[in-house]
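Trainee: Can you read through this structure? Questions will come right after.
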Amino acid sequence: MLYDSQEPIIHVGILSESKINFELYGDFTSPGFKNTFSGRFTAEILNDKLLCTYGSEKIEITNEIIFEPTDISTDSFLLRDVTIGVQFHWERKEKERFIGALKLLKENGKITVINSLSIENYLVSVISSEMSAKCSRELLKAHAIVSRGWLLAQVEKSRVLQTEKKEYKTTLQTKYALIRWYDREDHSSFDVCADDHCQRYQGITKVFTTVAKQAIEETRGLVLTYSDKICDARYSKSCGGVSESFENNWEPVKYNYLSSVIDYKYEPDNYDLDFSDEKNARKWILGNPPAFCNTTDKKILSQILLDYDQETTDFYRWTVTYSQEELSKLISNKSEIDFGQIVDLIPIERGASARLTKLKIVGTKKTLTIGKELEIRRTLSPSHLYSSAFIVEKENLIDGIPQKFTIKGAGWGHGVGLCQIGAAVMASQGYNFDEILLHYFTNAKLKKIY
Numbered sequence: 006m007l008y009d010s011q012e013p014i015i016h017v018g019i020l021s022e023s024k025i026n027f028e029l030y031g032d033f034t035s036p037g038f039k040n041t042f043s044g045r046f047t048a049e050i051l052n053d054k055l056l057c058t059y060g061s062e063k064i065e066i067t068n069e070i071i072f073e074p075t076d077i078s079t080d081s082f083l084l085r086d087v088t089i090g091v092q093f094h095w096e097r098k099e100k101e102r103f104i105g106a107l108k109l110l111k112e113n114g115k116i117t118v119i120n121s122l123s124i125e126n127y128l129v130s131v132i133s134s135e136m137s138a139k140c141s142r143e144l145l146k147a148h149a150i151v152s153r154g155w156l157l158a159q160v161e162k163s164r165v166l167q168t169e170k171k172e173y174k175t176t177l178q179t180k181y182a183l184i185r186w187y188d189r190e191d192h193s194s195f196d197v198c199a200d201d202h203c204q205r206y207q208g209i210t211k212v213f214t215t216v217a218k219q220a221i222e223e224t225r226g227l228v229l230t231y232s233d234k235i236c237d238a239r240y241s242k243s244c245g246g247v248s249e250s251f252e253n254n255w256e257p258v259k260y261n262y263l264s265s266v267i268d269y270k271y272e273p274d275n276y277d278l279d280f281s282d283e284k285n286a287r288k289w290i291l292g293n294p295p296a297f298c299n300t301t302d303k304k305i306l307s308q309i310l311l312d313y314d315q316e317t318t319d320f321y322r323w324t325v326t327y328s329q330e331e332l333s334k335l336i337s338n339k340s341e342i343d344f345g346q347i348v349d350l351i352p353i354e355r356g357a358s359a360r361l362t363k364l365k366i367v368g369t370k371k372t373l374t375i376g377k378e379l380e381i382r383r384t385l386s387p388s389h390l391y392s393s394a395f396i397v398e399k400e401n402l403i404d405g406i407p408q409k410f411t412i413k414g415a416g417w418g419h420g421v422g423l424c425q426i427g428a429a430v431m432a433s434q435g436y437n438f439d440e441i442l443l444h445y446f447t448n449a450k451l452k453k454i455y
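Just so we're aligned, residue 6 is where the sequence shown starts under my numbering, counting upward by one.
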């Protein structure tokens, strides 16, 4: 087992910039310095050294400096201009406040900011950053257990890779195909990052009710397990009616607890869920099947979606339209490949939720099959498509070249594991946290590990 009844300390990468503005509230100590630190600071790289300036004082460090709070319950630090939603449609900058230790690391000509704190304090922020801290306690408890398990599973996976010195491959490339998946194994200086690439973590900025803290306290040390191993629990905003299987989105390893499930009490009528048949996928995506995540209840959505998430109004079923010029330019910019004019987007392979895992892009100059789901979403949008569960309609053909492409899709996110909107609806209907978890994670068990 990973832990010997001790709560782990987690190291979170917040941002990496050439210049950092931060403020220390309270008295912070730093190894190698006798005095305490507080107030406003600026950190930057100068002459290949890390230079911290506060007031008229300056500190020059070779590689890193750590500021540790003297009182974890009252001391905090604030970072300005933190980018959230990196490369997503809600990307913006915020100022954020954190508890725990602050580490500044000189790395690749920039300063990497790392926050070290206990996993339980981290989780209070995560479930408030991923959703609103105003949502129901049962949902927050379920999400706390999922987030805790995901994090510990990633830390263990990284430990194994480092111990065994294994290379983690995420790309399979041939002359005719580029298959790539994205996970969090590319972080080497810290355990997880603070953005959607890993888990949203925005410090104590979003924690404005006691419900989030209560949910963490009531589930302290609880994780989902399968065959005595911590589940690599995943989650996304909306599965679109059926959740996806792990191996279709990431490395080709099957986890039974991350198999596809129907996001409802029963299988919807008049739909064939064999999405290897394109006719069935089309009917599903263009339809409006009942599902827990098929909701327009503003009260529920306002509880689970933060302000910038509520900018997304059509998440269960959605539509995006491109002209030929827009699409060909977009694909060329995102892939760095000149396809010429886009002739067709052909579904090659779909997962259990109708999400495309392989898509053939046919151009007048180049034809290439791409995957997996996130690579497809990134290639076909300035930020990200809501999901890769979509069909394509071509219009206004001139000499066989479509002048308009309409992409109609289902769901929001990768669709594996917990469906956040579906889970919120389940909680509103009286389901307990364990019932919610066992609906999405087949045959998993709850276990307290510390």
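Think of the CB as a built atom: it goes at the ideal place given N, C-alpha and C, for glycine as much as any other residue. Quantities reported herein were computed from a predicted structural model and do not represent experimental measurements.
Are the CB atoms of Tyr-262 and Thr-447 nearer to each other than 8 Å?
Mentor: Their beta carbons are under 8 Å apart, which means Tyr-262 touches Thr-447 by this criterion.
Trainee: From the DSSP output, in three-state form, read off His-16 for me.
Mentor: His-16 falls in the strand class under three-state DSSP.
Trainee: Please classify Gly-18: is it buried, with 16 or more other beta-carbons within 10 angstroms of its beta-carbon, or exposed?
Mentor: By the neighbour-count rule (16 or more Cβ atoms within 10 Å), Gly-18 is buried.
Trainee: Going straight from the alpha carbon of Glu-125 to that of Tyr-231, what length do you get?
Mentor: Each residue's alpha carbon lies about 22 Å from the other.
Trainee: Between the C-alpha atoms of Phe-344 and Thr-374, what's the straight-line distance to the nearest angstrom?
Mentor: Straight-line Cα distance between these residues: approximately 12 Å.
Trainee: Sort Lys-334, Thr-324, Pro-13 by Cα distance to Leu-291 and report the nearest one.
Mentor: Measuring from the Cα of Leu-291, the nearest candidate turns out to be Thr-324.
Trainee: With distances taken from CA atoms, which of Thr-326, Pro-13, Ser-35 is nearest Arg-153?
Mentor: Residue Pro-13 is the option with its Cα nearest to Arg-153.
Trainee: Return the chain-ordered ranges of every alpha helix (DSSP H) run that is complete within the stretch 96-149 and spans a minimum of 4 residues.
Mentor: Complete alpha helix (DSSP H) runs here, min 4: 124-135.
Trainee: Tell me the DSSP secondary structure of Ala-357 in three-state form.
Mentor: Three-state DSSP puts Ala-357 in coil, outside helix and strand.
Trainee: Are the CB atoms of Ile-209 and Leu-128 nearer to each other than 8 Å?
Mentor: In this structure, Leu-128 does not lie closer than 8 Å to Ile-209 by Cβ.
Trainee: When DSSP labels each residue in this structure, what does Ser-460 get in the three-state scheme?
Mentor: The structure shown does not extend to residue 460, since the chain spans only 6 to 455, so no value can be given for it.
Trainee: What number of angstroms, rounded off, separates the C-alpha of Ala-149 from the C-alpha of Glu-69?
Mentor: Each residue's Cα considered, the two are about 32 Å apart.
Trainee: Would you identify the three-state DSSP class for Lys-174, choosing helix, strand or coil?
Mentor: Residue state, collapsed to three classes: coil.
Trainee: If you compare alpha carbons, which of Pro-352, Gln-204, Lys-100 is closest to Leu-361?
Mentor: Ranking Pro-352, Gln-204, Lys-100 by Cα distance to Leu-361 puts Pro-352 first.
Trainee: Can you tell me which of the three DSSP states Arg-287 falls into?
Mentor: Here Arg-287 sits in helix by DSSP.
Trainee: By how many angstroms is the C-alpha of Ala-359 removed from the C-alpha of Asp-277?
Mentor: Rounded to the nearest angstrom, the two C-alpha atoms are 11 Å apart.
Trainee: What distance in whole Å lies between the Cβ atoms of Ala-415 and Ala-394, which are believed to be in contact at a cut-off of 8 Å?
Mentor: With a Cβ gap of about 4 Å, Ala-394 and Ala-415 count as contacting.
Trainee: Let me know the secondary structure DSSP gives Phe-297 once reduced to three states.
Mentor: Phe-297: coil per DSSP, three-state reduction.
Trainee: Give the DSSP-derived three-state secondary structure of Tyr-262 in the structure shown.
Mentor: Tyr-262 falls in the helix class under three-state DSSP.
Trainee: Go ahead and pull the three-state DSSP assignment for Gly-460.
Mentor: Limits of the chain in this structure are 6 at one end and 455 at the other, which puts residue 460 out of reach.
Trainee: Is DSSP giving Thr-168 helix, strand or coil here?
Mentor: Three-state DSSP puts Thr-168 in a helix.
Trainee: Kindly give me the distance between the Cβ atoms of His-419 and Glu-256, rounded to whole angstroms, as I take these residues to be in contact under 8 Å.
Mentor: In fact, because the Cβ distance is near 13 Å, the residues do not count as touching under 8 Å.
Trainee: From the DSSP output, which residues share a beta bridge with Lys-399?
Mentor: Beta-bridge pairing links Lys-399 to Phe-410.
Trainee: Can you find the residues in the same chain that come closer than 6 Å, C-beta to C-beta, to Tyr-30, ignoring five residues on each side of it along the sequence?
Mentor: Excluding residues within five positions, the ones whose Cβ falls inside 6 Å are Ser-81.
Trainee: Contact between the stretch 132-147 and the stretch 48-61: three or more CB pairs below 8 Å?
Mentor: Judged by Cβ distances under 8 Å, the stretch 132-147 makes no contact with the stretch 48-61, as fewer than three pairs qualify.
Trainee: I'd like the span of the beta strand (DSSP E) that includes Arg-185, first residue to last.
Mentor: Start and end: 182-185.
Trainee: With Lys-452 and Val-228 assumed to form a contact (beta carbons below 8 Å), what rounded beta-carbon distance in angstroms separates them?
Mentor: 6 Å between Cβ atoms; contact.
Trainee: Helix, strand or coil: which one does DSSP assign to Lys-450?
Mentor: Note: Lys-450 maps to strand in three-state DSSP.
Trainee: Is it true that the CB of Gly-44 sits closer than 8 Å to the CB of Ile-77?
Mentor: Taking 8 Å as the Cβ cut-off, Ile-77 and Gly-44 do not qualify as a contacting pair.
Trainee: State buried or exposed for Tyr-206, treating a residue as buried only when at least 16 other CB atoms are found within 10 Å of its CB.
Mentor: The residue in question, Tyr-206, is buried, as its Cβ has 16 or more Cβ neighbours within 10 Å.
Trainee: Please state if the CB of Arg-287 and the CB of Ile-396 are separated by a distance shorter than 8 Å.
Mentor: Yes, they are a contact pair.
Trainee: If I measure Cβ to Cβ from Thr-41 and keep anything under 8 Å in the same chain, skipping five residues before and after, which residues do I get?
Mentor: Asp-32, Phe-33, Thr-34, Thr-75.
Trainee: Please tell me whether Asp-237 and Ala-357 are closer than 8 Å, where the distance is taken between their beta carbons.
Mentor: No. Outside cutoff.
Trainee: Just to confirm, is the Cβ distance from Ile-381 to Asp-196 under 8 Å?
Mentor: No, the Cβ-Cβ distance between Ile-381 and Asp-196 is not below 8 Å.
Trainee: According to DSSP, is Asp-86 part of a helix, a strand, or is it coil?
Mentor: Three-state DSSP puts Asp-86 in a strand.
Trainee: Alpha carbon to alpha carbon, what distance is there between Glu-378 and Leu-390?
Mentor: Rounded to the nearest angstrom, the two C-alpha atoms are 10 Å apart.
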